[in-house]
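Input: a single structure, listed below in structure tokens.
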Amino acid sequence: MEEKQNSLTFQDFSQSVLKPETREDISYIIQECYKKNIPIEINCLKSKVNIGRNFQTEKTLNLSNYKGIIEYKPEELYIKVKSGTSIKEIKDELNKHNQQLAFEPNDFGPLFKGNHDEGSIGGVISCNFSGPRRFKVGSARDHILGFQGVNGRGEIIKSGGTVVKNVTGYDLSKILSGSFGTLTVLTEISIKVLPKPESSKTLVIKNPHLMKALDYLNISLSSSSDPSGGVFYPEYFTNHFTFNDLTYEGPLTAVRIEGPKESIDHRIKNLCKELNLDLNENLVLENEQSRILWERTRTLEVFSKIKSNLLRIVVPSSETFDVIKQLRPFEPKYFIDWGGSLIWLQLDKINTKILNDIRKIVNKGKGYLTVIKIEEDLKASVDIFSVDPVRYKISEKLKKSFDPKRILNPGKMYSGI
Amino acid sequence: MSTLQMPKVEKSIISNKNEIVSDLEKIVKSENILSDKDELRPYETDALAAYTQSPMLVVLPETVKEVSEVLKYCNGNKIKVVPRGAGTGLSGGALPLEDCILLSMGKFNKILELDYKNRCVVAQPCVTNLAITHAVQDKGFYYAPDPSSQIACSIGGNVAENSGGVHSLKYGATTNNLLGIQVVLMDGTITRFGGKAMDSEGYDFLGLMTGSEGLLGVVTEVTVKILKTPEVIKAALIGFSSIEDAGNCVAQIIAKGCIPAGMEIMDKALLKATNDFCKAGYPTQAEAMMIIEFDGSEFEVESHIKTAEKIAKENNSSSIKISQSNEERLKFWSGRKAAFPACGDLAPDYMCMDGSIPRGKLAEVLKEINNLSKKYKLPVANAFHAGDGNLHPLIMFDASDKDQLRRCEEFGADILKYCVKVGGALTGEHGVGIEKRELMCEAFNNTDIQQQLKIKVALDPNSLLNPGKVYPILRKCAEEGRVHVHGGKTKFPDIPRF
Numbered sequence: 000m001e002e003k004q005n006s007l008t009f010q011d012f013s014q015s016v017l018k019p020e021t022r023e024d025i026s027y028i029i030q031e032c033y034k035k036n037i038p039i040e041i042n043c044l045k046s047k048v049n050i051g052r053n054f055q056t057e058k059t060l061n062l063s064n065y066k067g068i069i070e071y072k073p074e075e076l077y078i079k080v081k082s083g084t085s086i087k088e089i090k091d092e093l094n095k096h097n098q099q100l101a102f103e104p105n106d107f108g109p110l111f112k113g114n115h116d117e118g119s120i121g122g123v124i125s126c127n128f129s130g131p132r133r134f135k136v137g138s139a140r141d142h143i144l145g146f147q148g149v150n151g152r153g154e155i156i157k158s159g160g161t162v163v164k165n166v167t168g169y170d171l172s173k174i175l176s177g178s179f180g181t182l183t184v185l186t187e188i189s190i191k192v193l194p195k196p197e198s199s200k201t202l203v204i205k206n207p208h209l210m211k212a213l214d215y216l217n218i219s220l221s222s223s224s225d226p227s228g229g230v231f232y233p234e235y236f237t238n239h240f241t242f243n244d245l246t247y248e249g250p251l252t253a254v255r256i257e258g259p260k261e262s263i264d265h266r267i268k269n270l271c272k273e274l275n276l277d278l279n280e281n282l283v284l285e286n287e288q289s290r291i292l293w294e295r296t297r298t299l300e301v302f303s304k305i306k307s308n309l310l311r312i313v314v315p316s317s318e319t320f321d322v323i324k325q326l327r328p329f330e331p332k333y334f335i336d337w338g339g340s341l342i343w344l345q346l347d348k349i350n351t352k353i354l355n356d357i358r359k360i361v362n363k364g365k366g367y368l369t370v371i372k373i374e375e376d377l378k379a380s381v382d383i384f385s386v387d388p389v390r391y392k393i394s395e396k397l398k399k400s401f402d403p404k405r406i407l408n409p410g411k412m413y414s415g416i
Numbered sequence: 000m001s002t003l004q005m006p007k008v009e010k011s012i013i014s015n016k017n018e019i020v021s022d023l024e025k026i027v028k029s030e031n032i033l034s035d036k037d038e039l040r041p042y043e044t045d046a047l048a049a050y051t052q053s054p055m056l057v058v059l060p061e062t063v064k065e066v067s068e069v070l071k072y073c074n075g076n077k078i079k080v081v082p083r084g085a086g087t088g089l090s091g092g093a094l095p096l097e098d099c100i101l102l103s104m105g106k107f108n109k110i111l112e113l114d115y116k117n118r119c120v121v122a123q124p125c126v127t128n129l130a131i132t133h134a135v136q137d138k139g140f141y142y143a144p145d146p147s148s149q150i151a152c153s154i155g156g157n158v159a160e161n162s163g164g165v166h167s168l169k170y171g172a173t174t175n176n177l178l179g180i181q182v183v184l185m186d187g188t189i190t191r192f193g194g195k196a197m198d199s200e201g202y203d204f205l206g207l208m209t210g211s212e213g214l215l216g217v218v219t220e221v222t223v224k225i226l227k228t229p230e231v232i233k234a235a236l237i238g239f240s241s242i243e244d245a246g247n248c249v250a251q252i253i254a255k256g257c258i259p260a261g262m263e264i265m266d267k268a269l270l271k272a273t274n275d276f277c278k279a280g281y282p283t284q285a286e287a288m289m290i291i292e293f294d295g296s297e298f299e300v301e302s303h304i305k306t307a308e309k310i311a312k313e314n315n316s317s318s319i320k321i322s323q324s325n326e327e328r329l330k331f332w333s334g335r336k337a338a339f340p341a342c343g344d345l346a347p348d349y350m351c352m353d354g355s356i357p358r359g360k361l362a363e364v365l366k367e368i369n370n371l372s373k374k375y376k377l378p379v380a381n382a383f384h385a386g387d388g389n390l391h392p393l394i395m396f397d398a399s400d401k402d403q404l405r406r407c408e409e410f411g412a413d414i415l416k417y418c419v420k421v422g423g424a425l426t427g428e429h430g431v432g433i434e435k436r437e438l439m440c441e442a443f444n445n446t447d448i449q450q451q452l453k454i455k456v457a458l459d460p461n462s463l464l465n466p467g468k469v470y471p472i473l474r475k476c477a478e479e480g481r482v483h484v485h486g487g488k489t490k491f492p493d494i495p496r497f
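From first to last, the protein sequence lines stand for chains A and B. Just so you know, numbering that gives the first Met the number 0 puts 295 at position 296 of the first sequence, and the rest follows in order with no gaps. Just so you know, numbering that gives the first Met the number 0 puts 287 at position 288 of the second sequence, and the rest follows in order with no gaps.
Dropping the structure here:
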């Protein structure tokens, strides 16, 4: 797609919020910031703007006007978009060809705003938070084929392309995923898309205990039934899932099976056998109802408008039970996604000591913890992301290689980076 | 072969060789330091056998601490280091330098943990790719990425090259199947990126290291995810009377939502050569043949095979044969896997290219390759990982004829440039190494390359780790870029290729 020439003037640059429409303007803005040592916040639709550390900048680069689908080739399984394009627009376009973003990006809208807002593709890639299908298809970072962006010197750089197999040079798409806009301003992104499965059904297992639930999930993920989702919701959350066929209000484990219709029934039957379950005592949600359950999981609906704090904990699934057991004194509410590996933990009471204690437990369980939502007055004093001294040092060097004057989202991830 | 420019040789380092050896003997056992000419010979090349160079020394560390101390010592004394796994790489990534220490990871050859609960395997880097599957297959698991050389290539080398394989269309390449690595940086820092937990927090150094061709760190431990073996695997052989029809069939099958586990196309020249070579029952009258494989539950596989069959017929397929047993399925593949030895029968030498293109451009690119074949007056045969657009043209020539060699080199470079022109990539799975180094400017501009070099400098400020690889030295698009095979002999003739 043809880009307009640089259209920003010096006067435009004097504004505090800049909303460029071309990549040349984005490059110009960052070049000016680089020359004048002006830190700048990078954001777009702000659905995830509350995640990360607070930091002060003189200027804001808002990418919401830099949007649009550049190229969509369903038969080549990719879509190339400008970074400010909303996930909604991308999904609507993919829907027309029965395709999808297979990594099911989380929607933080319900948590922060109380209504759905999936934000922009640039934001989704920059945060790299992926939904229930993660353990089967990979996360957002596994679906980027290539990008173009503007580094902290204002230079337009690119890596990758639109083909799936490409080992030419360092895979910079990966390093930018989850970098929270601290290395490069993404401008164009090529994403791998996949066909929607023909059908989906969900086996809902009524069970009260976490240990048993983790056992069910582990067996399911190790079976040849090839599940694409596995969650456990304790009793206090299941009122969010009482709809149509699902009237049961106790703790539930759910396993999603997708694919051609006949194959799903066959796989669910086999899975029940492996789990030693009587299908009559449990429940199978049909296509549309199955979709609702996973949609509510992906969008973190159980945390809709919560006032309390939210932590995202990822551990190897063998550690999940012990980690949760040790977290009980903190009286959390939680649910488990990714077939047992991802714990979303809601805490009414938190302080620096509690967070440090929880982080120790998680680290001992060979996992990591990210603070998603925390009381504002605590935000400045706690670590939002975990990092050890060695990784911090390497991260600092990497940051410098992209953004030597530390102008892009400075301090968003770690103090001093 | 074209002369290859490598980083400047530091004569002062070479003249200090004895002192370096005695310093290294304080770090590793003396029997793990090789310095005699005869001992060094096996290390003078990898599978890009056209280029050879003896290293100054070979060091075989046994522990992570030794790796760290050797690197720290080399960093302090400005000695270049070239890491090496099994040495099966096709782009010269492990080619030594005259003044380097070749760090062979050969002694890191143990599987450390089979963790079925977290569905992963922890292994040392010189464990072979296939050994991982062998270790877990009795429990019904396997490791998905399957480069053709999987019997010999090391898992650490797979990380360095981000290796793919026939199944990467459905299951991804190494980067998508890797959970964590332990790595030693050039300054001796030992660290871990990722682990058994999915995705890591902060910058994705795991993703950056994967495919970095040994320029950023030395991998000392690898954690990969393993998958449950599919219930059913079935393949079909489909003949087409034109390459265009075969190409359209690929695009339409994918667009329909059928993602096969593997999808290969061979052109008439290769089809005939392989069938003569191993009697795989291929439709030799066809202009192109597709092998398509589906895996999953029985119903799923049957339903996909039916769809593929229907689309093939709509695209004027001339024959369709579906495997009725696992034995027959393996026979279908036997010809494809023997494609390259079979080419050895057709000409004294052949050069294998590795370009990546959008699937829909297959017919166009093959037509261009045939035009180039006429222009350079050299025959060509084509194999193609069609599902993911990875093309392996094989140019036949006689290396003893200087003019043929020159024509072959120009022909190869023209193919790769055309791949980039249609929106593809210089290399799909063999890596850049020294082979395609000077062609990088076809894919990237100077700013792109400078950004990548800045990352290199951030982690290795003295540019001592595997220097001279991946990034252009000449800054011109030299006529390089292929694997040269003489008399059907690659460096490891027994390993299946490509």
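Cβ atoms here follow ideal geometry from the backbone N, Cα and C, with glycine treated the same way.
Interface annotation, Lys58/A: not in contact with chain B, CB-CB separation never under 8 Å. Using a CB distance below 7 Å, the part of the region 160 to 185 of chain A facing chain B consists of Gly160, Thr161, Val162, Val163, Lys164, Asn165, Val166, Thr167, Gly168, Tyr169, Asp170, Lys173, Ile174, Ser176, Gly177, Ser178, ordered along the chain. For the region 61 to 145 of chain A, the continuous alpha helix (DSSP H) assignments of 4+ residues that do not extend past its boundaries occur at 86 to 94, 108 to 111, 120 to 126, 133 to 136, in sequence order. Excluding sequence positions up to five before and after Thr181/A, its CB lies within less than 6 Å of the CB of Leu407, Asn408, Lys411, Met412, all in the same chain and listed in chain order.
Close CB contacts of Ile310/B within its chain, under the 8 Å cut and outside five residues either way in sequence, are with Cys248, Gln251, Ile252, Lys255 (chain order). For the pair of segments examined, the region 310 to 323 of chain B was found to touch the region 235 to 243 of chain B: the number of CB pairs separated by less than 8 Å reaches three.
Nearest in C-alpha terms to Val166/A, of all of His303/B, Leu207/B, Asp402/B, is Leu207/B. Contact annotation: the region 188 to 201 of chain B does not touch the region 147 to 160 of chain B, with fewer than three C-beta pairs closer than 8 Å. Boundaries cannot be given for Ala49/B, as no beta strand (DSSP E) includes it and DSSP labels it neither H nor E. In this structure, DSSP gives Lys200/A an extended state, which the three-state scheme calls strand. If you ignore the 5 residues before and after Leu274/A, its C-beta comes within less than 8 Å of the C-beta of Ile204, Tyr215, Ile218, Ser219, all in its own chain and listed in chain order.
Along the region 253 to 272 of chain A, the positions whose C-beta sits under 7 Å from a C-beta of chain B are Gly258, Pro259, Glu261, Ser262, His265, Arg266, read in chain order.
Taking a contact as a CB-CB distance under 8 Å, the pair Asn308/A and Glu374/A counts as one, their CB atoms being some 7 Å apart. Looking at the DSSP output, Ser103/B shares a beta bridge with Arg83/B.
Less than 8 Å separates the beta-carbon of Tyr169/A from that of Gln451/B. For Gly139/B, the three-state secondary structure derived from DSSP is coil.
For Gly364/A, no pairing in a beta bridge is given by DSSP. Setting aside the 5 residues that flank it on each side, Leu341/A is surrounded in the same chain by Arg133, Arg311, Ile312, Val313, Ile335, each with a C-beta closer than 8 Å to its C-beta; the list follows chain order.
Residue environment: Gln323/B is assigned as exposed (fewer than 16 neighbouring CB atoms within 10 Å of its CB, all protein chains considered). Interface flag for Asn128/B against chain A is unset, since no Cβ pair is found closer than 8 Å. In this structure, Pro347/B lies near Ala398/B, with their beta-carbon atoms less than 8 Å apart. Distance from the Cα of Leu96/B is smallest, within the candidate group Thr87/B, Asn108/B, Val80/B, Gly386/B, for Val80/B.
For the 8 Å CB-CB criterion, Met104/B and Asp459/B do not form a contact.
Bridge partners of Met289/B according to DSSP: Ile237/B, Ile264/B. Measuring C-alpha to C-alpha distances from Leu110/A to each of Glu75/A, Lys66/A, Thr296/A identifies Thr296/A as the nearest. With its beta carbon at least 8 Å from every one in chain A, Arg335/B lies outside the interface. Among the residues facing chain A, Val431/B is included, as its CB has a counterpart in that chain under 8 Å away. Among the residues of chain A, none has a CB under 7 Å from the CB of Ala382/B; the nearest is roughly 14 Å distant.
About 16 Å separates the CB atoms of Glu409/B and Leu425/B; that is not less than 8 Å, and the two are not in contact. The C-alpha of Leu226/B is placed about 34 Å away from the C-alpha of Leu464/B. At least one CB atom of chain A sits nearer than 8 Å to the CB of Arg358/B. For Ile256/A, the enclosing beta strand (DSSP E) stretches over residues 251 to 258. Looking from the CA of Thr306/B, the closest CA among Ser317/A, Ile349/A, Pro259/A belongs to Pro259/A. Its chain contains Asn61, Ser63, Asn64 as the residues whose beta carbon lies nearer than 7 Å to that of Lys18/A, once the 5 sequence neighbours on both sides are disregarded; these appear in chain order.
Residues of chain A whose Cβ lies closer than 7 Å to the Cβ of Phe298/B are, in chain order, Pro259, Glu261, Ser262, His265. DSSP, read as helix, strand or coil, puts Asp114/B in strand.
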